[in-house]
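Residue numbers (the numbering used here): 176 to 448. Here is the structure we will look at.
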Amino acid sequence: MPELPEVETTRRGIAPYVEGQEITEVRVRHTRLRVPVPEDLPERLVGARIGTLRRRAKYLLVPLAGTPGTLLWHLGMSGSLRIAQVGDTPKKHDHIDVVLANGYVLRYHDPRRFGFVDWLQADEQHDSRLAHLGPEPLSEAFTGERLYRLSRGRRMAAKPFLMDNRVVVGVGNIYAAEALFMAGIDPRRAASRIARVRYERLAGAARDVLAAAITQGGTTLRDFVSGQGEPGYFAQHLNVYGRQGQPCRRCGALLKHIMLGQRASVYCAVCQR
DNA sequence: ATTTGACCCTGCATGC
DNA sequence: TGCATGCAGGGTCAAA
């Protein structure tokens with residue numbers, strides 16, 4: 176899926192086309208997403224106006240202006256939201272269309288259907304999906320000190336620890352691998368056995384790599400596209416993800432590939448300790 | 001309590 | 001060419 180930079184790229188890409196627009200029609204072609212599409216989606220959306228889009232972790236929040244209703248949209252592993260024109264023929268796996276008064280269509284595409292769209296509980300603080308999320312990685316609340324404190328007594332490997340949404344949100348498989356490389360930390364190292372100063376480096380690395388990826392419009396591996404259908408250009412900046420067997424850009428050693436928590440992990444055994 | 005593994009689903013690359 | 005296998009930007013739940 177889209178990790179945080181890809182969701183943020185999507186939000187920025189579609190916002191100019193959808194914000195302030197009235198919804199004139201909703202077409203649901205496939206209701207069986209990870210969470211079934213709410214049956215009342217069309218009737219509640221049609222006639223409503225879209226407010227300012229927000230993002231929390233990898234969720235996109237779509238408020239309906241002047242009402243307490245807000246859509247919670249998650250792109251799963253293979254989901255994308257794109258701007259289409261009225262009349263563009265839907266392709267395979269284009270599951271939902273939100274037709275707007277300006278002639279554009281917000282179109283949801285998701286081959287694997289791990290994503291979903293659902294109503295956010297009126298109170299964001301009490302929504303079970305958002306309530307226990309850790310801080311945004313680009314916020315002041317995300318610090319090396321926090322990583323250090325939460326890691327005490329945790330035997331799990333550093334990489335799955337960094338990908339734990341209660342620790343910090345939005346860091347998925349690509350950017351966890353990249354941040355650990357930048358910080359020189361072995362992804363297998365027990366979280367409890369990493370010193371405070373090294374966590375400060377890791378927090379800084381995670382912030383830097385996510386910010387750089389947003390600037391580049393995200394990472395396109397197979398199928399990620401922005402709201403306007405553009406790929407992201409961060410893939411060419413990846414140091415380790417997907418580069419197993421290739422030379423480390425820093426020391427030249429061949430990058431290793433292991434599985435950690437069911438996820439592929441690539442790292443440099445020389446630079447990461 | 002923490003941690004691991006299975007699972008949701010389709011598409012694609014690989015190997016026989 | 002066909003078929004089987006395994007893996008892919010995530011998150012949730014049960015079981016160990």
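Every residue, glycine too, gets a C-beta built ideally from N, C-alpha and C. Owing to the predicted nature of the structure, the values given are computational and were not obtained by experimental measurement.
Taking 7 angstroms as the cut-off, the Cβ atoms of T318 and A387 do not count as close. For M357, the uninterrupted alpha helix (DSSP H) segment begins and ends at 348-358. In the three-state DSSP reduction, K431 falls in the strand class (E or B).
Burial state of R186 is buried, judged by a 10 Å Cβ sphere holding 16 or more other Cβ atoms. C-alpha of C423 to C-alpha of Y442: approximately 9 angstroms in a straight line.
DSSP places L275 inside the beta strand (DSSP E), whose first and last residues are 269-275. Under the three-state reduction of DSSP output, H284 falls in the strand class. Sorting M338, A410, H205, G278 by C-alpha distance to the C-alpha of H284 places H205 at the top. Here the C-alpha atom of R207 lies approximately 25 angstroms from the C-alpha atom of L396. When only Cα atoms are considered, A439 and G417 end up about 9 angstroms apart.
Bridge pairing for P213: absent [DSSP]. Residue pairing by DSSP places S314 in no beta bridge whatsoever. Residue environment: G290 is assigned as buried (16 or more neighbouring CB atoms within 10 Å of its CB, all protein chains considered). Taking C-beta separations shorter than 6 angstroms and ignoring five residues to either side along the sequence, the partners of N348 in its chain run R438, following chain order. Secondary structure note for Y234: its beta strand (DSSP E) is the uninterrupted segment 234-238. Sequence-distant partners of P238 (beyond 5 residues in either direction) whose C-beta falls short of 6 angstroms from its own C-beta, in its chain, are G226, T245.
When the Cα atoms are used, H412 and P406 turn out to be separated by approximately 14 angstroms. Our two residues, I258 and I271, have alpha carbons roughly 12 angstroms apart in a direct line. Collapsing the DSSP output to three states places I369 in coil.
Ranked by Cα distance from E375, the first of L435, R209, R324 is R324. The three-state reading of DSSP puts P422 in strand, counting E and B together.
Taken atom to atom, the span from the alpha-carbon of C446 to that of L430 is near 10 angstroms. Residues of the same chain with a CB within less than 7 angstroms of the CB of E353, apart from the 5 flanking positions on each side, are V384, L413, N414, V415, Y416 in chain order. L337 and Y350 have their C-alpha atoms roughly 10 angstroms apart.
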